[in-house]
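Some notes on the structure that comes next.
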Amino acid sequence: AQKVTQAQTEISVVEKEDVTLDCVYETRDTTYYLFWYKQPPSGELVFLIRRNSFDEQNEISGRYSWNFQKSTSSFNFTITASQVVDSAVYFCALIRGGSQGNLIFGKGTKLSVKP
Amino acid sequence: DGGITQSPKYLFRKEGQNVTLSCEQNLNHDAMYWYRQDPGQGLRLIYYSQIVNDFQKGDIAEGYSVSREKKESFPLTVTSAQKNPTAFYLCASSIEGRAYNQPQHFGDGTRLSIL
Numbered sequence: 011a012q013k014v015t016q017a018q019t020e021i022s023v024v025e026k027e028d029v030t031l032d033c034v035y036e037t038r039d040t041t042y043y044l045f046w047y048k049q050p051p052s053g054e055l056v057f058l059i060r061r062n063s064f065d066e067q068n069e070i071s072g073r074y075s076w077n078f079q080k081s082t083s084s085f086n087f088t089i090t091a092s093q094v095v096d097s098a099v100y101f102c103a104l105i106r107g108g109s110q111g112n113l114i115f116g117k118g119t120k121l122s123v124k125p
Numbered sequence: 006d007g008g009i010t011q012s013p014k015y016l017f018r019k020e021g022q023n024v025t026l027s028c029e030q031n032l033n034h035d036a037m038y039w040y041r042q043d044p045g046q047g048l049r050l051i052y053y054s055q056i057v058n059d060f061q062k063g064d065i066a067e068g069y070s071v072s073r074e075k076k077e078s079f080p081l082t083v084t085s086a087q088k089n090p091t092a093f094y095l096c097a098s099s100i101e102g103r104a105y106n107q108p109q110h111f112g113d114g115t116r117l118s119i120l
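Each protein sequence line maps, in turn, to chains A and B. Going by the numbering used here, the first sequence opens with residue 11, and the numbers climb by one from there. Going by the numbering used here, the second sequence opens with residue 6, and the numbers climb by one from there.
Right under this line is the structure:
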């Protein structure tokens, strides 16, 4: 069975702090893709990143960085120098290779960044 | 601007009533999806469609129905058989239905409540 666990339900930080959102996944497939989405208060999900199971390189995009480690089945997301606009619910998701459309979502982590 | 439009933003249903949620996209995407989001939960897939005139059940299809008569439209009907319809409903689309690893783009959602 496939599963995505985001153990942190809510995190609160003060602006300019760094924060890491954890994501642990379970799958028996060798080919799979991992995603992070951001859900601001307006409700729509915004795509942040996609990573395939064969690419363990970490990625940095501005203040965002992602650490993918197959050995621990983790795909963690770090925001450096957080800003109030980063306040949102963040979802990690998994899709198996060959599965058409069936993303498995974690329950999300609500991040609050206070000024 | 290209995107996904969901309407209405808020919807109220009386007991025993069917209601239809609208989802329109002008991204020229082949695949479309409907998700349900409950408080503190991740998204769960209701139905998806990889191509016009074809759709598949997701994890929680009971009490819901869809149609895909046009590429740009994928309406969701919440029937009276759905006993607990109060939730936030999100529609999404992706470029190619058979390319399972493509990011999904989301609408702003419809919040459905029972009167």
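We treat Cβ as the ideally placed atom computed from N, Cα and C, and that holds for glycine.
Could you check whether residue j and residue i sit closer than 8 angstroms to each other, using their CB atoms as the reference points?
| i | j | result |
| --- | --- | --- |
| B/Y15 | B/C96 | no |
| A/T90 | A/S71 | no |
| A/T82 | A/Q18 | no |
| B/N31 | B/E101 | no |
| A/Y43 | B/N58 | no |
| A/D96 | A/L58 | no |
| B/A92 | B/R41 | yes |
| B/P90 | B/I56 | no |
When the cut-off is 8 angstroms and only beta carbons count, does residue i lie next to chain B?
| i | result |
| --- | --- |
| A/S52 | yes |
| A/G72 | no |
| A/F64 | no |
| A/F45 | yes |
| A/R60 | yes |
| A/I89 | no |
| A/I105 | yes |
| A/F57 | yes |
| A/K48 | no |
| A/K117 | yes |
Ignore the nearest five residues each way along the sequence and tell me which others in residue i's own chain have a CB closer than 6 angstroms to its CB.
| i | result |
| --- | --- |
| B/F111 | L95, A97 |
| B/Q109 | A97, S99 |
| A/F78 | R61, E66, F85 |
| B/E29 | T10, E77, S78 |
Beta-carbon within less than 7 angstroms of residue i's beta-carbon, same chain only, minus the 5 sequence neighbours each way: which residues are those?
| i | result |
| --- | --- |
| B/S27 | Q11, S12, P80 |
| A/V14 | C33, Y35, C102, A103, L104, I114, F115, G116 |
| B/Q21 | Note that residue 21 of chain B corresponds to Gly in the displayed sequence, not to Gln. Hits under 7 angstroms: S85. |
| A/T37 | Q12, L104, R106 |
Using a Cβ cut-off of 8 angstroms (strictly closer), state whether residue i contacts chain A.
| i | result |
| --- | --- |
| B/F111 | yes |
| B/G47 | yes |
| B/L26 | no |
| B/L16 | no |
| B/L95 | yes |
| B/P108 | yes |
| B/G21 | no |
| B/G7 | no |
| B/G63 | yes |
Mapping the DSSP letters down to three states, classify residue i as helix, strand or coil.
| i | result |
| --- | --- |
| A/K117 | coil |
| B/K62 | strand |
| A/K124 | strand |
| B/V57 | coil |
| A/S81 | helix |
Output, in chain order, the set of chain A residues within a Cβ distance shorter than 7 angstroms of residue i.
| i | result |
| --- | --- |
| B/N33 | In chain order: nothing, as chain A lies at least about 17 angstroms away. |
Can you list the residues of chain A that residue i reaches, using a CB-CB cut of under 8 angstroms?
| i | result |
| --- | --- |
| B/G114 | G53, E54 |
Can you find the residues in the same chain that come closer than 8 angstroms, C-beta to C-beta, to residue i, ignoring five residues on each side of it along the sequence?
| i | result |
| --- | --- |
| B/Y69 | W39, I51, Y52, L81, T82, V83, T84, Q87 |
| B/L48 | Y40, R41, Q42, L95 |
Interface residues of chain B around residue i at Cβ under 7 angstroms?
| i | result |
| --- | --- |
| A/K13 | By Cβ distance, chain B contributes nothing, its closest Cβ being about 11 angstroms from A/K13, past 7 angstroms. |
So which residues on chain B does residue i lean against when the C-beta distance must stay under 8 angstroms?
| i | result |
| --- | --- |
| A/F101 | G47, L48 |
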